[in-house]
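The sequence shown lines up with residues 33 to 448 when you count with our numbering.
Backbone N, C-alpha and C fix where the C-beta goes; we use that ideal spot for every residue, glycine too.
Keep in mind it's a predicted model, so treat the numbers as computed, not measured.
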Amino acid sequence: MNSTVLVHSEGEITASGEATSRGRVLEAMEKVGLAGAVAAVVLLGYVPGTLRLFYVVLAGSVGLYIAARGEGFLHSLLTYFHSGLLRWRWAFLLWAAASLFWSSRAGFGVERVVTMIEIHLLGLVLYDAARTRGRAVWTLKAIFIIATIGCVYALADGTMTASGRLVGAYGNPNVLAMMALAGLALFCAGVDVGERAGARFLSHVMALCLLAGVVASSSRKGILGAFIIWGLGALHRGTRGRTLTHIAIGAGVGGLFVLMSEQARLYWQMVQGRVTGVLATLANMGGPDNSIVERSTFIRDGVRLISESPVFGHGLEAFRWLAGDGSYAHSNFIELGVSLGFAGLILYYGLHAAVVMKALASNERASVVRAVILILLPMIVVLDLAVVSYYMKLPVLLTILCAGWLDRSADERRIA
C-alpha cells in the first residue's frame, strides 16, 4: 500500500515537473513574441527598405505570442472589445469608417481606415499582456530598451537629411524624435532595465542616448516634448528625483560635448537657430520661418473647413484634397477636425481623457505605469498640435497598453 502511494506521489512530481517545464517554455515564447512585436513597431515599418522585414517580424512575433497564449487569447479578445475604456476607441473607429460614406471623394481614406484597424488588432497583444498577463511594466521596459537601440543606431549610422538633420533608419527626423521621446518619457516615469545600482546607472546612460537622439534630430517638436516630459516628471513627487538628476547629467554631458567638439558646437548652434527662429516668428521679432508660415496657413484653412461641417466633418483624409495643398494638416486636431468634425475629436481624445482621469483616481500612486500615463499621454496630446498621430503605431499602442493596465487594476479591486 505504501509503495502504491509512493509511486503515485512520484507520478505527481513528474507531472508537476513537466507542467512547470512547459509553462516556462510558453512564458519564454510569450516574451519573445511580445518583444519581437515591439521591436518591429519601434524600429521597422517607417521606410520602404525595411517595410517587408517589418511585416515578417511582426507576423512571426504575433503568431508566436498567440501560440503561447493558447485558448486564453480568445478570452482576452472578448475583454478587449468589451473594455469600458476602449469603447471610446471603438466608437472612433466606427465613426472614421462611417465618414467614408459622406466623403465627397469616393474611396478616399480607405487605406487609412485599414491602417488603423491593423494597429488596433496589434493593440490586442499589448492589451492582453497588460491586463491578463500583468506584463505592462515588462513591455514598457522592452520599449525603453528598443527605443534606445533605435537612437544609438541612428547616432552611429549618421544618416541625415539634406539640411543636416539626423534620421537614422527612420527616414524622418521627426519620427526619430517621437521614438526617442517615448523612451525618454518611460525613463522619467521610472522605467529601469533592472533594480540593481548598475542597471539603474545603465538606464541613465540610455536616457542620455535618447536625449541625444532628440537633439540630433533637430526636431522642434522633439525639443518641446523633452521639456514637457521634464516638467511633468519634476511635478510628480515619485519621479522628481530621477528627472532632475537626468536633466543635470544631460546638461553637464551636453555642455562638455559642445565645449570639446567643434562639430557638436556647430550642430547645437543649428538646433538653437531652428528654435529661436520659431520664437522670433511668433513674437514678430524676426524674419518669417517658412515652416511656421506654412503651418499657420494649414491652421487657417483647417478652421475654415471645420466651420463648414463642424459635427460630421468632410470624411477621412479630407484636408489633403480640400485645402488644395495636397498635404496633410500637420496637426492631429486640425486633421481630425476637418475629417471627422468635433464628434470625431471628442471620440478620439475621449480615450486619452478617460485614461488620465482614471489614473489620477487610482490608489496605486507608486506605480510606474501610473506615472507613465501622467507624463506620456499629456505630452502626446500637446504635441498633437503639430503632429498627426492618430495613425502612428507607437503612441496608439502605448495608450492601449495603459488602458489594459487600468482595466487589470479595476479587476483586482473587484476581486478584493
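Cβ pair glycine 141, glutamate 349 closer than 8 Å: The count along the sequence shown starts at 1 and reaches residue 141 at position 109. The count along the sequence shown starts at 1 and reaches residue 349 at position 317. Yes, these two residues count as a Cβ contact at 8 Å.
Bridge-paired residues (DSSP) for methionine 192: Here residue 192 corresponds to residue number 160 of the sequence shown, with the count starting at 1. Beta-bridge pairing links methionine 192 to Leu198.
Note down the Cα distance separating serine 18 from cysteine 220, rounded to an integer number of angstroms. The requested residue 18 is not part of the displayed model; the chain covers only 33 to 448.
Straight-line Cα distance separating glycine 265 from alanine 403: Indexing the sequence shown from 1 puts residue 403 at position 371. Indexing the sequence shown from 1 puts residue 265 at position 233. Whole-angstrom Cα-Cα distance: 8 Å.
Is the CB-CB distance between valine 428 and isoleucine 151 below 8 Å? Against the sequence shown, residue 428 aligns to sequence position 396. Against the sequence shown, residue 151 aligns to sequence position 119. A contact, by the Cβ cut-off of 8 Å.
Once DSSP output is grouped into helix, strand and coil, what is the label at alanine 232? Translated into the one-based positions of the sequence shown, residue 232 becomes position 200. It should be noted that the sequence gives arginine, not alanine, for residue 232. Helix.
According to DSSP, is methionine 210 helix, strand or coil? For the purposes of this step, residue 210 is taken as the residue at position 178 of the sequence shown. The answer is helix: DSSP assigns methionine 210 an H, G or I state.
Evaluate arginine 167 with the Cβ neighbour count: other Cβ atoms within 10 Å of its Cβ, from every protein chain shown; 16 or more gives buried, anything less gives exposed. Your numbering for residue 167 matches position 135 in the sequence shown. Answer is buried; the Cβ neighbour count reaches 16.
Excluding the 5 residues flanking alanine 179 on each side, which residues of the same chain have their C-beta closer than 7 Å to its C-beta? Position 147 of the sequence shown, counting from 1, holds the residue named residue 179. Closer than 7 Å at Cβ, skipping near neighbours: Val74, Met211, Ala212, Ala214, Gly215, Leu242.
Mind the definition here: the region 83 to 103 touches the region 118 to 126 only if three or more C-beta pairs lie below 8 Å; say whether that holds. no
Among Arg163, Leu240, Arg197, whose alpha-carbon lies nearest the alpha-carbon of glycine 284? Translated into the one-based positions of the sequence shown, residue 284 becomes position 252. For glycine 284, the nearest C-alpha among the options comes from Leu240.
Other residues of its chain near aspartate 333: CB distance less than 6 Å, five sequence neighbours each side excluded: As a position in the sequence shown, residue 333 is number 301, starting the count at 1. The residues are Ala355.
Proximal residues to glycine 376 (C-beta, below 8 Å), its chain only, five neighbours per side dropped: Numbered from its first residue, the sequence shown carries residue 376 at position 344. Phe124, Trp127, Ala128, Ser131, Gly345, Leu368, Gly369.
Report the start-end ranges of each alpha helix (DSSP H) in the region 310 to 394 that is 4 residues or longer and not cut off at the edges. 322 to 340, 350 to 354, 364 to 393
To the nearest angstrom, how far is the alpha carbon of leucine 76 from that of proline 205? Your numbering for residue 76 matches position 44 in the sequence shown. Your numbering for residue 205 matches position 173 in the sequence shown. Taking the straight line joining both Cα atoms gives about 15 Å.
Per-residue burial, tyrosine 202 [other beta carbons within 10 Å of its own, 16 or more giving buried]: Taking the first residue of the sequence shown as 1, we reach residue 202 at position 170. Answer is buried; the Cβ neighbour count reaches 16.
Below 8 Å, can you find three or more Cβ-Cβ pairs linking the region 84 to 95 to the region 372 to 391? no
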